[in-house]
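Peer 1: Supplied in structure tokens, the structure appears directly below.
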Amino acid sequence: MKIIYNWIDHRVNRSKLHATYSKSAGLLAVFLVLFFVERLQAQTFPTGFSQVQVVNGIRNPTAMVFAPDGRVFVTQQGGALRVIKNGSLLTAPLVKLTVDSTGERGLIGVVLDPAFSTNQYIYLYYTVPGTPAHNRISRFTATGDVVVSGSETVILDIDPLSGATNHNGGAMGFGKDGKLYVGIGENAFRDNAQNLDTHLGKILRINPDGSPPADNPFPTGTNQRKLVWAYGLRNPYTIAIQPGTGRVFVNDVGEGSWEEINEATAGGLNFGWPDAEGTSTNSAFTNPVYAYPHGTGDGKGCAITGGTFFSPVSTNYPSNLIGRYFYQDLCNNWINNIDLSVTPAGRSAFATSLPGNSLSMLTGPDGNLYYLSRNTGALNKIIYTPSTPDLTPNLLLPQANFPAGSSVANFVVGIYEGNGFPTSSGNVVITLTAPIGYSLAFNPSITSITISGGTGSPTTVTNTSWTVTSSQNNQISLVMKSGQFIGAGGNVNIGFSLTRTSANSNSAANLTVSVADDATNAYDSNITNNIYARIITAL
1 MKIIYNWIDH RVNRSKLHAT YSKSAGLLAV FLVLFFVERL QAQTFPTGFS
51 QVQVVNGIRN PTAMVFAPDG RVFVTQQGGA LRVIKNGSLL TAPLVKLTVD
101 STGERGLIGV VLDPAFSTNQ YIYLYYTVPG TPAHNRISRF TATGDVVVSG
151 SETVILDIDP LSGATNHNGG AMGFGKDGKL YVGIGENAFR DNAQNLDTHL
201 GKILRINPDG SPPADNPFPT GTNQRKLVWA YGLRNPYTIA IQPGTGRVFV
251 NDVGEGSWEE INEATAGGLN FGWPDAEGTS TNSAFTNPVY AYPHGTGDGK
301 GCAITGGTFF SPVSTNYPSN LIGRYFYQDL CNNWINNIDL SVTPAGRSAF
351 ATSLPGNSLS MLTGPDGNLY YLSRNTGALN KIIYTPSTPD LTPNLLLPQA
401 NFPAGSSVAN FVVGIYEGNG FPTSSGNVVI TLTAPIGYSL AFNPSITSIT
451 ISGGTGSPTT VTNTSWTVTS SQNNQISLVM KSGQFIGAGG NVNIGFSLTR
501 TSANSNSAAN LTVSVADDAT NAYDSNITNN IYARIITAL
């Protein structure tokens with residue numbers, strides 16, 4: 001418990017903390033109780049989601065980054081950069097640094113160069129021992145799973161630290177512009193956050209060699225000022241940069257009341273600390289995209305320790321989660337997400353009762369969410385196992401008694417998603433089979449495809465959202481193209497034309513409609529999805 005509250009140091013009075021925990025017997029009892037309570041609490045996820053542990057044995061993890069080849073580099077506070085490869089934690093670290101790891105200091109940040117595949121550059125943020133100590137950003141060159149000996153290049157020595165060992169920040173990320181964005185805490189001295197002539201309490205924007213970009217918002221004055229991109233921050237522990245758009249979100253750990261998600265895509269913004277925490281009415285300050293209060297209820301917490309834009313290249317997660325921003329809280333061990341398509345951003349709970357002290361959440365290259373658990377020293381992956389959609393067709397069929405030849409009867413197949421969760425994007429295929437003697441065709445002129453339900457507004461899509469995959473006289477198959485889906489409670493109406501070719505007049509026959517999940521190439525076994533209906537009265 002001492003590590004839990006001391007390490008990220010959000011708002012506990014440190015002298016009281018040490019005095020309380022000097023009572024070792026009481027501490028042990030409290031620790032054991034809390035340990036077993038944590039173990040007994042089951043993790044909860046939305047339907048279809050679950051968690052798997054990738055590896056454990058990571059000692060005091062602080063941050064991580066994915067390599068293009070699927071490896072994961074994880075920083076340990078004590079100075080080692082560990083490598084997870086093919087699902088295993090390699091015994092030897094990629095590099096082992098000598099660091100000051102007291103309090104929240106240590107090896108606390110890592111990012112890969114945008115051209116890592118060719119130059120193998122890794123940037124590390126760590127605390128250099130000394131009197132005084134200071135944080136440093138250095139670049140290393142990797143070869144395989146180790147660094148090239150002597151390859152360290154110092155990029156930036158950050159301003160000296162005081163005796164306080166907390167609020168170091170450590171966040172790093174490369175922007176769409178190729179610049180390195182760095183989050184630095186105010187070192188527990190509030191006034192640093194508003195002082196443009198210190199690195200502390202800022203987001204810095206630097207060239208990869210550590211020099212100030214010419215288009216930074218404060219181009220004149222001290223070198224510290226020239227590097228400042230945003231200020232008024234307390235402890236920007238993590239940064240997330242959205243692929244494609246380049247949006248920059250800063251997760252700033254608050255003090256007594258609020259945790260903040262701030263947008264620093266534009267330069268020169270003042271986020272208000274120490275004069276404001278959470279939303280402010282002062283027009284000089286930029287308010288958070290989202291802020292959540294301290295406490296123990298739903299959506300409340302004490303320290304925001306990770307966030308990621310869920311914008312994967314591909315994923316099997318439900319489509320309504322794509323584009324959302326996921327974030328996590330250290331103390332209450334949950335993951336929430338916010339919908340950035342609405343203003344103000346709407347929050348949804350996602351996961352609760354996670355292993356203790358979750359941090360450093362990322363979207364993996366496989367389209368899954370990953371996060372570290374500090375207490376268990378583990379890397380965890382959140383996976384989604386889709387359930388078979390319960391698609392129930394309702395048929396509006398033409399009468400059977402119409403002349404053979406050129407006469408055509410039109411009808412509509414209506415499909416309703418009644419099972420409470422959406423079908424996967426691009427995975428709906430519909431096959432119609434008529435009796436021998438009839439011919440089927442897709443009829444766009446009478447097709448009305450309206451996707452509705454779920455949390456989104458109804459959306460009308462064009463007929464080109466469907467592709468005819470096969471047409472063999474009395475049988476036709478259509479597949480809904482990628483990017484379209486039927487939301488929970490949604491519906492889709494598809495028009496077809498039926499031509500009688502040689503069937504006897506007044507013949508009664510069955511028209512078979514089957515709905516399949518194209519991802520599995522297996523028809524849904526739910527009998528309500530395979531309707532055998534007599535051809536009955538006209539539309």
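Sequence positions in the sequence shown follow UniProt numbering and run 1 to 539. Cβ coordinates follow ideal geometry from the N, Cα and C atoms, glycine included. If you're wondering where the values come from, they're calculated on a predicted model, not measured in any experiment.
Excluding the five sequence neighbours on either side, which residues of its own chain have a C-beta within less than 7 Å of the C-beta of residue 96, listed in chain order?
Peer 2: 79, 80
Peer 1: At a cut of 8 Å, does the segment 189-205 reach the segment 121-131 through at least three beta carbon pairs?
Peer 2: Counting Cβ pairs under 8 Å, fewer than three are found: no touch.
Peer 1: Going by C-alpha to C-alpha distance, which of 335, 220, 111, 164 sits closest to residue 178?
Peer 2: Comparing alpha-carbon positions, the option among 335, 220, 111, 164 lying closest to residue 178 turns out to be 111.
Peer 1: For the candidate residues 153, 119, 55, 147, whose alpha-carbon lies nearest to that of residue 94?
Peer 2: 147
Peer 1: Determine the contact status of residue 440 and residue 476, defining contact as a CB-CB distance below 8 Å.
Peer 2: Pairing residue 440 with residue 476 gives a Cβ-Cβ distance under 8 Å.
Peer 1: What residues in its chain sit with their C-beta under 6 Å from that of residue 25, if we drop five residues either side in the sequence?
Peer 2: Any reading at residue 25 needs caution, since the residue's pLDDT is 34, under 50, leaving its predicted position unreliable; the model's value is listed next. Excluding residues within five positions, none has a Cβ falling inside 6 Å.
Peer 1: Classify residue 283: buried if its beta carbon has 16 or more other beta carbons within 10 angstroms, exposed otherwise.
Peer 2: exposed
Peer 1: Let me check understanding here. Comparing Cα to Cα, which of 437, 385, 377, 108 lies closest to residue 53?
Peer 2: Among 437, 385, 377, 108, the Cα nearest to that of residue 53 is on 377.
Peer 1: With burial defined as no fewer than 16 other Cβ atoms inside 10 Å of the residue's Cβ, what is the status of residue 329: buried or exposed?
Peer 2: buried
Peer 1: Relative to the alpha-carbon of residue 183, which residue among 209, 253, 432 has its alpha-carbon at the smallest distance?
Peer 2: 253
Peer 1: Just the C-alpha distance for residue 267 and residue 154, rounded to the nearest angstrom, thanks.
Peer 2: 25 Å
Peer 1: Residue 109 to residue 171, Cα distance in whole Å?
Peer 2: One C-alpha to the other measures close to 6 Å.
Peer 1: Can you tell me whether DSSP reads residue 51 as helix, strand or coil?
Peer 2: strand
Peer 1: Could you give the distance in angstroms between the alpha-carbon of residue 239 and the alpha-carbon of residue 248?
Peer 2: 7 Å
Peer 1: Could you spell out the range, first to last residue, of the beta strand (DSSP E) harbouring residue 180?
Peer 2: Start and end: 180-184.
Peer 1: Can we say the segment 349-356 touches the segment 61-70, given the rule of at least three CB pairs closer than 8 Å?
Peer 2: Because the criterion of three Cβ pairs below 8 Å is not met, the segment 349-356 and the segment 61-70 do not touch.
Peer 1: Are residue 312 and residue 272 closer than 8 Å when you measure CB to CB?
Peer 2: no
Peer 1: Which residue marks the beginning of the alpha helix (DSSP H) containing residue 225, and which one marks its end?
Peer 2: 223-227
Peer 1: Quick check on this structure: which residue in 346, 276, 413, 137 has the alpha carbon closest to the alpha carbon of residue 194?
Peer 2: 276
Peer 1: Leaving out five residues on either side along the sequence, give the residues of the same chain with a beta carbon under 7 Å from the beta carbon of residue 345.
Peer 2: 289, 290, 338, 339
Peer 1: Bridge partners for residue 301 per DSSP, in chain order?
Peer 2: 294
Peer 1: For the beta strand (DSSP E) containing residue 218, list its first residue and its last residue.
Peer 2: Run containing residue 218: none; DSSP gives neither H nor E here.
Peer 1: Measuring CB to CB, does residue 285 end up less than 8 Å from residue 270?
Peer 2: yes
Peer 1: Does residue 497 come out as helix, strand or coil in the three-state DSSP assignment?
Peer 2: strand
Peer 1: What does DSSP give as the partner residues of residue 276 in its beta bridges?
Peer 2: None, per the DSSP bridge assignment.
Peer 1: Going by beta-carbon coordinates alone, are residue 237 and residue 169 separated by less than 8 Å?
Peer 2: yes
Peer 1: Using the C-alpha atoms, what's the distance from residue 158 back to residue 361?
Peer 2: Each residue's Cα considered, the two are about 25 Å apart.
Peer 1: For the alpha helix (DSSP H) containing residue 368, list its first residue and its last residue.
Peer 2: From DSSP, residue 368 is part of no alpha helix (DSSP H); its letter is neither H nor E.
Peer 1: Suppose the cutoff is 6 Å on Cβ atoms and the five residues either side in sequence are ignored; what does the same chain contact list for residue 197 look like?
Peer 2: 222, 224, 225
Peer 1: Using a 10 Å radius around the Cβ and a threshold of 16 neighbouring Cβ atoms, would you call residue 244 buried or exposed?
Peer 2: exposed
Peer 1: Taking all protein chains shown into account, do 16 or more other C-beta atoms lie within 10 angstroms of the C-beta of residue 314, making it buried, or fewer, making it exposed?
Peer 2: exposed
Peer 1: Tell me whether the beta-carbon of residue 210 lies closer than 8 Å to the beta-carbon of residue 156.
Peer 2: yes
Peer 1: Check whether the Cβ atoms of residue 257 and residue 293 lie closer than 8 Å to each other.
Peer 2: Between residue 257 and residue 293, the CB-CB gap stays under 8 Å.
Peer 1: Suppose the cutoff is 6 Å on Cβ atoms and the five residues either side in sequence are ignored; what does the same chain contact list for residue 39 look like?
Peer 2: Legend: pLDDT at residue 39 = 42, less than 50; position of this residue unreliable, no value from coordinates given.
Peer 1: In angstroms with no decimal places, state the Cα-to-Cα distance between residue 116 and residue 229.
Peer 2: 25 Å
Peer 1: I think residue 379 touches residue 72, with their Cβ atoms under 8 Å apart; what is that distance to the nearest whole Å?
Peer 2: 7 Å
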